[in-house]
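Numbering (my numbering), first residue to last: 105 to 360.
Think of the CB as a built atom: it goes at the ideal place given N, C-alpha and C, for glycine as much as any other residue.
All values derive from a computational prediction rather than experimental measurement.
Since the structure comes first, as C-alpha cells, the remarks are kept for the end.
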C-alpha cells in the first residue's frame, strides 16, 4: 500500500520519495512567517525579515531566493542571490534571514521568500513591509506589585488613587488590562496610591513626586542668563575704559 500527500500548503502536489527500506515518504516543504501582519520600519533604520522553513525528514533545501515587489504586485526585483550584491542587503542562516540596512523609500513593499528542495519542489511566503511615519511613544509606568507566599482563592483587586482621587480606564487614567500598571499622564501629580484588597487582607503603597521644570529646559535658561550678564559686564567695562581714555585726552589738551 502506498501513501500520497493530499496537498502542500504551497498548492503543489507532492510525489513520493522512495527509500531503500521499502517505505516511502512525502517531500512537501513549506514556508511561513510568524505573523501575517505587516512589518513597520523607519527610514534609515535596519530591517530584518525572518521566515520559518518546515522540512520533512529526508528533505533538503538546495536553493533560496529573496524578491521584493510593490504592494500592488508590480515591479518585482531580485534581492538575493544577485550579482553584484547590494552592500546594504545581506543574508544569515543560509539565506533564511534577510537583513537590509539604511532603509530607503524603495525598500518598502512585499518581500517574497522562496525555497527549493532537492526534488525541485518550491514553497514561498510573503511579508509586507511598510514605512513607520511616527516613532513609538516611550512611557514609564508605575507598577503595583503584589507579592506574598500564601495560596489564596481569589484574585487581588487593585485600585489607584491620584492625589487622593480614584481613577480607572473609565476615567482619564491609563491602566494596563490587569490594573497593575498605571501610565502617568504628564500632568502635575504629587501622590500616586496603589490599594490592594483580597481575602489575605488590605495594603497600600505610595509614590510621591514633585512638579519641576523639565531638566532639559533649565540649562537653556541658565545659558541665556549668563549671556545677558556677560554682555552687560562687557558693555560696562567698555564704557569705563572709553570714559577714562576720553578724560586723559582732555587733560593732555589742557596742558598743551
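For this session: Please go through the segment 194 to 232 and give each complete beta strand (DSSP E) segment of 3 or more residues, from N-terminal end onward.
Result: Note on the segment 194 to 232: whole beta strand (DSSP E) runs with a minimum of 3 residues are 201 to 204 and 213 to 221, in chain order.
For this session: Taking the CB atoms as reference points, tell me whether residue 147 and residue 202 lie closer together than 8 Å.
Result: No. Outside cutoff.
Exercise. Relative to the ligand SAM, is the shortest distance from any of its heavy atoms to the C-beta of residue 229 smaller than 7 Å?
Worked result: You won't find the ligand SAM in this model; it holds no ligand whatsoever.
Exercise. Is it buried or exposed for residue 197, if we count other Cβ within 10 angstroms and need 16 for buried?
Worked result: Taking a 10 Å sphere around the C-beta of residue 197, we find fewer than 16 other C-beta atoms and assign the residue as exposed.
For this session: Please determine if the segment 221 to 238 and the segment 266 to 280 are in contact, where contact requires at least 3 C-beta pairs separated by less than 8 Å.
Result: As far as the Cβ criterion goes, the segment 221 to 238 does not touch the segment 266 to 280, which means the pair count is below three.
Exercise. In whole angstroms, what is the alpha-carbon distance linking residue 125 and residue 161?
Worked result: Low confidence applies here, because residue 125 scores a pLDDT of 36, under 50, leaving its location unreliable and the question unanswered by this model.
Exercise. Which whole runs of the beta strand (DSSP E) in the segment 282 to 311 are 3 residues long or more, in chain order?
Worked result: Those beta strand (DSSP E) runs which fall completely within the segment 282 to 311 and span 3+ residues are 295 to 302.
Exercise. According to DSSP, is residue 349 helix, strand or coil?
Worked result: Helix, per DSSP.
Exercise. So who's on the other strand from residue 186, going by DSSP bridges?
Worked result: None; residue 186 has no bridge partner.
Problem set entry | C-alpha gap between residue 169 and residue 135, whole angstroms | If I take the Cα positions, the gap works out to 12 Å.
Exercise. For residue 182, does the count of other Cβ atoms within 10 angstroms reach 16, so buried, or fall short, so exposed?
Worked result: Burial call: exposed.
Exercise. Going by the CB atoms, is the gap between residue 219 and residue 299 shorter than 8 Å?
Worked result: No, they are not a contact pair.
Exercise. Is the shortest distance between the beta-carbon of residue 169 and the beta-carbons of chain C less than 8 Å?
Worked result: Within the model displayed, chain C is absent; a lone protein chain is all it includes.
Problem set entry | Per-residue burial, residue 343 [other beta carbons within 10 Å of its own, 16 or more giving buried] | Flag for residue 343 reads exposed.
Problem set entry | Coil, strand or helix - residue 354 by DSSP | Helix at residue 354.
Problem set entry | Close-in-space but distant-in-sequence residues of the same chain around residue 214 (CB under 8 Å, 5 per side omitted) | Sequence-distant Cβ neighbours of residue 214 in its own chain, meaning closer than 8 Å and more than five residues away, are 172, 173, 174, 175, 177, 230, 231, 232 and 233.
Exercise. Which residues mark the beginning and the end of the beta strand (DSSP E) in which residue 238 is found?
Worked result: Per DSSP, residue 238 belongs to no beta strand (DSSP E) and is neither H nor E.
Exercise. Mind checking residue 348: buried by the 16 CB within 10 Å criterion, or exposed?
Worked result: Counting Cβ neighbours within 10 Å, residue 348 comes out exposed, since fewer than 16 surround it.
Problem set entry | Helix, strand or coil at residue 146 according to DSSP, with G and I counted as helix | Residue 146 carries a coil assignment under DSSP once its states are collapsed to helix, strand and coil.
Exercise. Buried or exposed: residue 264, going by 16 or more other Cβ atoms within 10 Å of its Cβ?
Worked result: Burial call: buried.
Problem set entry | Environment of residue 221 [buried if 16+ CB atoms lie within 10 Å] | Answer is buried; the Cβ neighbour count reaches 16.
Exercise. What does DSSP give as the partner residues of residue 134 in its beta bridges?
Worked result: Residue 134 pairs with 158.
Exercise. Should residue 212 and residue 235 be called a contact, given that it needs their Cβ atoms to be closer than 8 Å?
Worked result: Yes, these two residues count as a Cβ contact at 8 Å.
Problem set entry | Residues bridged to residue 262 [DSSP beta-bridge criterion] | For residue 262, which the question treats as bridged, DSSP gives the partners 300.
For this session: Confirm, please, whether the CB-CB distance from residue 204 to residue 195 is below 8 Å.
Result: In this structure, residue 195 keeps its C-beta atom at 8 Å or more from the C-beta atom of residue 204.
For this session: Return the chain-ordered list of same chain residues with a C-beta closer than 6 Å to the C-beta of residue 119, the five sequence neighbours on each side being excluded.
Result: In this prediction, residue 119 has a pLDDT of 45, which is less than 50 and means its spatial position is unreliable; what the coordinates show is noted afterwards. So no residue of the chain qualifies.
Problem set entry | Beta-ladder partner(s) of residue 169, from DSSP | Partner(s): 218.
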